[in-house]
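Just below is one structure, and these are the notes that go with it.
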Amino acid sequence: MFGVVFPNRSFPIDISTFSQIDTFHWVLDMNHFVGEAYDQIKEMCIFLLNSFTLPADKALAVYVQSPGSAFVYCGAVTIARPSAVLSLLWPEPGSQGQFQLTANAVPLSAKIGVSVQDLSSLPSLDFAADKKIEHTALKVGENLFNFMQSFCGVDGSKLIVPMDILDRWFKKFQERAKRDPDYLKGFTL
């Protein structure tokens with residue numbers, strides 16, 4: 000039906016590695032697969048196998064779950080988009096999510112859930128990309144704030160910064176990105 004690859008971490012694995020919950024739901028226990036460093040797995044490629052045809056109005060949706068949290072949607076594949084590399088944005092352990100794949104016990108390990116669902120019931124297939132952009136913007140903003148804070152003076156309840164602080168920060172940011180190609184990757188993870 001489907002296969003999965005964790006880039007730079009695994010060979011292709013098929014549906015048999017997942018536990019089948021019912022006809023339309025599968026779960027991969029990340030503690031058995033990778034141990035406690037599940038949150039270091041940032042991407043997953045999921046693909047439909049040639050022998051499987053998914054109805055045009057259905058999708059194979061992917062969710063992640065940290066210990067004690069609910070499942071959170073990451074993206075999906077469809078017959079029109081039979082493969083995708085999805086960002087795995089793990090929720091904070093114990094936080095609330097958007098989707099419960101199982102209603103019984105609180106999970107003790109991280110999981111990846113795969114579910115056949117109506118395409119119309121899912122968020123945009125660019126949901127994960129939107130979250131990644133939001134995360135990157137917040138990290139860049141945090142970097143700017145920390146830079147500005149190191150040059151601040153205090154005047155009562157106001158912070159005073161030099162007028163050229165944005166130019167200085169932006170030049171430093173660009174120079175660092177040119178010197179170190181991995182620097183910008185740190186903002187997206």
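Residue 0 is where the sequence shown starts when you use numbering that gives the first Met the number 0, and the numbers rise one by one after that. All C-beta atoms, glycine included, are put in the ideal place defined by N, C-alpha and C.
Between the segment 60-69 and the segment 14-24, the count of C-beta pairs closer than 8 Å stays below three; the two stretches do not touch.
CA-to-CA, the gap between Arg175 and Trp168 works out to about 11 Å. With fewer than 16 other Cβ atoms from the protein chains shown falling within 10 Å of its own Cβ, Tyr182 counts as exposed.
In the DSSP assignment, Lys171 falls within the unbroken alpha helix (DSSP H) covering 164-178. If you check the CB distance, Ile164 and Met147 come in under 8 Å. Within a 10 Å sphere around the beta-carbon of Ile45 sit 16 or more other beta-carbons, which makes this residue buried.
Excluding the 5 residues flanking it on each side, Phe150 has same chain C-beta neighbours closer than 7 Å at Val160, Pro161, Ile164, in chain order.
Rounded to whole angstroms, the separation of the alpha carbons of Met43 and Phe5 is 5 Å.
Under the three-state reduction of DSSP output, Met147 falls in the helix class. Trp25 and Ala109 have their C-alpha atoms some 14 Å from each other.
Residue burial annotation: Val113 is buried, with at least 16 other C-beta atoms found within 10 angstroms of its C-beta.
For Phe46, no alpha helix (DSSP H) run applies; the uninterrupted beta strand (DSSP E) run containing it begins and ends at 42-47, by DSSP.
Per DSSP, Phe23 lies in no alpha helix (DSSP H) segment and is marked neither H nor E.
With a 10 Å radius around the Cβ and a threshold of 16 neighbouring Cβ atoms, Ile40 comes out buried.
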